[in-house]
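> Have a look at the structure that comes next, please.
Numbering (our numbering), first residue to last: 117 to 406.
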């Protein structure tokens, strides 16, 4: 019996020696694998969670098909034109309210028109590239709406004064724009005094308001020039100047408003100091019958 016990001791020792590493390895493997699985699951959850949130983030609700970004971008145009009308005509609060209402409607229409113009660029119909319509001019749209409303709600003397000041301002803007264009050309072509006068006259007699767009940006370089028809300039140049002129980069300037040069505080001010924007944007109440 004792001898059998003695023989069992080494066998138990051998079994313990062989089985222990397997047992320990299994325990270690279990401890290592389980945290790794948990770590992978946690990482997947961390990646999936923001993705689910981002799916709804790009959705922007545009009321009445208008882009709030462009409405805000064009708002300074309305502010400038409305203030110009107030300074010239000095209308009463009651006279200004319908004019402001017309201004806000034109602002929304300008933003919608510009958004449609952007979406229609590079359209392909029946396999052919269709040229998109001309760049809409939000300033002209807003100004025309204010003119129409002023004609209805102001006296004839007020309206005539307003029209005269608009025409004078337009003429001055044209004069300054032509001076700028000729100065840009002179910088690149070294024009003679006679050439400067000839090109100025040529531009003035064929003037397009779109050529003046872009001068509100102070970052324009002398290498950029509006899309002026070539004959208006080239016929007044010599051979060397024509070569330089043909190499100038001509671009179409977009009329994007003055938003880049007005601080956020000014943009957030109400259009009128005697009534809120919300009041001006409300539809007029129908007159009650007496």
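By construction, the Cβ of each residue, glycine as well, lies at the ideal position given by its N, Cα and C atoms.
1) For residue 311, which residues in the same chain have their Cβ closer than 6 Å to its Cβ, ignoring the five residues on either side in sequence?
2) Rounded to whole angstroms, what's the CA-CA distance from residue 395 to residue 210? Just pull it up for me.
3) Which residues share a DSSP beta bridge with residue 365?
4) Report the three-state DSSP secondary structure of residue 314 (helix, strand or coil).
5) Going straight from the alpha carbon of residue 277 to that of residue 287, what length do you get?
6) Just confirm the distance between the C-beta atoms of residue 275 and residue 397, as a whole number of angstroms; I'd bet it's less than 8 Å.
7) Could you tell me whether the Cβ atoms of residue 364 and residue 319 are closer together than 8 Å?
8) Pairs of beta-carbons, one from the stretch 288-304 and one from the stretch 254-263, closer than 8 Å: are there three or more?
9) Quick one: what does DSSP say residue 393 is sitting in, helix, strand or coil?
10) Quick one: grab the DSSP three-state call for residue 236.
11) Does the Cβ of residue 366 have 16 or more other Cβ atoms within 10 Å, making it buried, or fewer, making it exposed?
12) In chain order, what residues of the same chain have a beta carbon less than 6 Å from the beta carbon of residue 267, not counting five sequence neighbours either side?
13) For residue 186, which of 229, 212, 197, 207 has the nearest alpha-carbon?
14) Helix or strand or just coil, what does DSSP make of residue 269?
15) Cα-Cα, which of 316, 362, 355, 254 is closest to residue 189?
16) Which residues in the same chain have their Cβ closer than 6 Å to the Cβ of residue 171, if we skip the five residues on either side of it in sequence?
17) Here's the rule: buried if 16 or more other CB atoms are within 10 angstroms of the residue's CB, otherwise exposed. What is residue 388?
18) Closest to residue 392 by C-alpha separation, out of 269, 213, 203, would be which residue?
19) I need the DSSP call for residue 304, collapsed to helix, strand or coil.
20) Leaving out the 5 sequence neighbours to the left and right, which residues in its chain are closer than 7 Å to residue 225 when beta-carbon positions are compared?
In terms of the structure at hand:
1) Excluding sequence neighbours, residue 311 sits near 352.
2) CA-to-CA, the gap between residue 395 and residue 210 works out to about 12 Å.
3) Answer by DSSP bridge pairing, in chain order: 340.
4) Collapsing the DSSP output to three states places residue 314 in a helix.
5) C-alpha separation (whole angstroms): 16 Å.
6) 24 Å between Cβ atoms; not a contact.
7) Contact: no.
8) The stretch 288-304 is not in contact with the stretch 254-263.
9) For residue 393, the three-state secondary structure derived from DSSP is helix.
10) The answer is coil: DSSP assigns residue 236 none of H, G, I, E or B.
11) Per the 10 Å Cβ criterion, exposed.
12) Sequence-distant partners of residue 267 (beyond 5 residues in either direction) whose C-beta falls short of 6 Å from its own C-beta, in its chain, are 275.
13) Among 229, 212, 197, 207, the Cα nearest to that of residue 186 is on 229.
14) Residue 269 falls in the helix class under three-state DSSP.
15) Checked all of 316, 362, 355, 254; the closest Cα to residue 189 is 254.
16) At residue 171 the pLDDT is 32, less than 50, meaning the model places this residue with poor confidence and gives no usable figure here.
17) By the 10 Å Cβ count, residue 388 comes out buried.
18) Comparing alpha-carbon positions, the option among 269, 213, 203 lying closest to residue 392 turns out to be 213.
19) Note: residue 304 maps to helix in three-state DSSP.
20) 257, listed in sequence order.
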